[in-house]
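Novice: As numbered in my numbering, residues 878 to 1040 make up the sequence shown, in order.
Take a look at this one; I'll ask things after.
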Amino acid sequence: MAVWQFRVVLLPVSPLQQRLGSIPSHIPAEIAQTTNWWRGLQPPTGFERGIDLLLPQRPPWSDNLLVWGDEDSNDAYVFYETPQKTVVEEISFRLDAREIDLHLVAGICNFARLLECVLVTGENMVIVPEQPNVLVAFLRSSAKHFVDDPENALKSIRRERLQ
878 MAVWQFRVVL LPVSPLQQRL GSIPSHIPAE IAQTTNWWRG LQPPTGFERG IDLLLPQRPP
938 WSDNLLVWGD EDSNDAYVFY ETPQKTVVEE ISFRLDAREI DLHLVAGICN FARLLECVLV
998 TGENMVIVPE QPNVLVAFLR SSAKHFVDDP ENALKSIRRE RLQ
């Protein structure tokens, strides 16, 4: 992932509520990284067509994957457990912070709502999929910080790694 990309992962609401009791504003990293949120609950057959409407599909680099868009700007990934692509593990989008595509943001929000999902950022912040919420998180993101002030953004990343 490029430093100028803002990543959001779609998490289904019902397992999130079952696991944490409610929809939190933030998911602890150890829970976010070790939980398969899609286990036991799958999106409807053909859900990938919703992503086709947002971004052009491109060849994947793995048999367990479908990929859309441009890996250096706006893109989407669906990770599957097997090459047969029957069980979803993750659905994610990356937005180019150098030039935000409001149409794409709106499309991602609509898609997430159709799948009854929330969006989770790379910092594990939970976002209700409404365009203003995504834009606020985007404007506060390290990707946007990097685009606006690359030198200080990189210094900040170095400081965080040293702590």
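Using N, Cα and C, we set each Cβ at its ideal position, and we do this for glycine too.
So, for Val1003: in the same chain, excluding its five sequence neighbours on each side, which residues have a beta-carbon less than 7 Å away from its beta-carbon?
Specialist: Your numbering for residue 1003 matches position 126 in the sequence shown. Contacts found: Ile900, Pro901, Ser902, His903, Ile904, Val995, Val997.
Novice: Work out the CA separation of Phe970 and Ser950 for me, nearest whole Å.
Specialist: Within the sequence shown, the letter at position 73 stands for residue 950. Within the sequence shown, the letter at position 93 stands for residue 970. Answer to the nearest angstrom: the Cα atoms are 10 Å apart.
Novice: Identify, in the order they occur along the chain, each residue of the same chain with its Cβ nearer than 6 Å to the Cβ of Val1024, setting aside the five sequence neighbours on each side.
Specialist: Mapped onto the sequence shown, residue 1024 falls at position 147. Correct list, in chain order: Trp881, Ala974, Arg975.
Novice: DSSP on Glu967, reduced to helix/strand/coil?
Specialist: In the sequence shown, residue 967 corresponds to position 90, counting from 1. Note: Glu967 maps to strand in three-state DSSP.
Novice: Does the structure place the stretch 951 to 964 close enough to the stretch 923 to 938 that three or more beta carbon pairs sit under 8 Å?
Specialist: yes
Novice: Decide if Trp938 is buried, meaning its Cβ has at least 16 other Cβ atoms within 10 Å, or exposed.
Specialist: By one-based count along the sequence shown, residue 938 stands at place 61. With fewer than 16 other Cβ atoms within 10 Å, it is exposed.
Novice: Within the chosen definition, does the stretch 908 to 916 reach the stretch 1008 to 1019 through at least 3 CB pairs nearer than 8 Å?
Specialist: no
Novice: On the DSSP bridge list, what partners appear for Pro905?
Specialist: Position 28 of the sequence shown, counting from 1, holds the residue named residue 905. According to DSSP, Pro905 bridges with nothing at all.
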